[in-house]
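J.: I'd like to ask you about the structure that follows.
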Amino acid sequence: MSTAWDDVWGSDDDVETEQSPDLAKLREHHSKRGYLDGIVSSKEERLQEGFNDGFPTGARLGKQVGVIMGILLGLQVRFGDTDDDLRKAYIEAQKELRIDRVLSKSMFDSNFDLKEMHPLVSKWIDVINDYCEKYHVTPI
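Here is the structure:
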């Protein structure tokens, strides 16, 4: 029962406060949509930030791997017919220098920085230098 002193905006005890099913669905839909939009926006922002930070390192490593593979291919084409070890080294380099292995988390510190030269790149530079010395070739 209401009295003259009740708040005009207050709820009536006699009126049921249950929402209609359509309104409940709409509220749930908008709530989920807002949550998803927030998550997606945050992920996109962080992804771009990570890309901006990591691109120079990835580009440098990609270039180094490209040079290594190019020199090895040239050596393999020129001397691979007579050097089984060189042919095997080229095949091994193709496996070891795949982008998912070169950019593996395990190759970086907790800030995703390389402390020194990349271990795989360093290994294959040494291999190339050995073959170049063996065949009296000057790498670029």
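Basically my numbering = 1-based index in the sequence shown + 5.
Cβ atoms here follow ideal geometry from the backbone N, Cα and C, with glycine treated the same way.
So, is Val45 buried or exposed, given that buried needs 16 or more other C-beta atoms within 10 angstroms?
T.: Walking along the sequence shown from the start, residue 45 turns up at place 40. So Val45 ends up on the exposed side.
J.: Which residue marks the beginning of the alpha helix (DSSP H) containing Ser127, and which one marks its end?
T.: Position 122 of the sequence shown holds residue 127. Here the alpha helix (DSSP H) through Ser127 covers Pro124 to Lys139.
J.: Alpha carbon to alpha carbon, how far is Tyr140 from Met74?
T.: By 1-based counting over the sequence shown, the position of residue 140 is 135. By 1-based counting over the sequence shown, the position of residue 74 is 69. Taking the straight line from one Cα to the other gives about 17 angstroms.
J.: Taking just the CA atoms, how far does Arg103 sit from Lys93?
T.: Here the question's residue 93 lines up with position 88 in the sequence shown. Here the question's residue 103 lines up with position 98 in the sequence shown. Approximately 16 angstroms between the Cα atoms of the pair.
J.: Count the C-beta pairs between the segment 77 to 94 and the segment 105 to 122 that are closer than 8 angstroms, then say yes if the count reaches three, no if not.
T.: Contact between the segment 77 to 94 and the segment 105 to 122 is absent, because fewer than three Cβ pairs lie under 8 angstroms.
J.: On the DSSP letters alone, give me the boundaries of the alpha helix (DSSP H) that Glu101 sits inside.
T.: In the sequence shown, residue 101 corresponds to position 96, counting from 1. From DSSP, the alpha helix (DSSP H) with Glu101 extends over Asp89 to Glu101.
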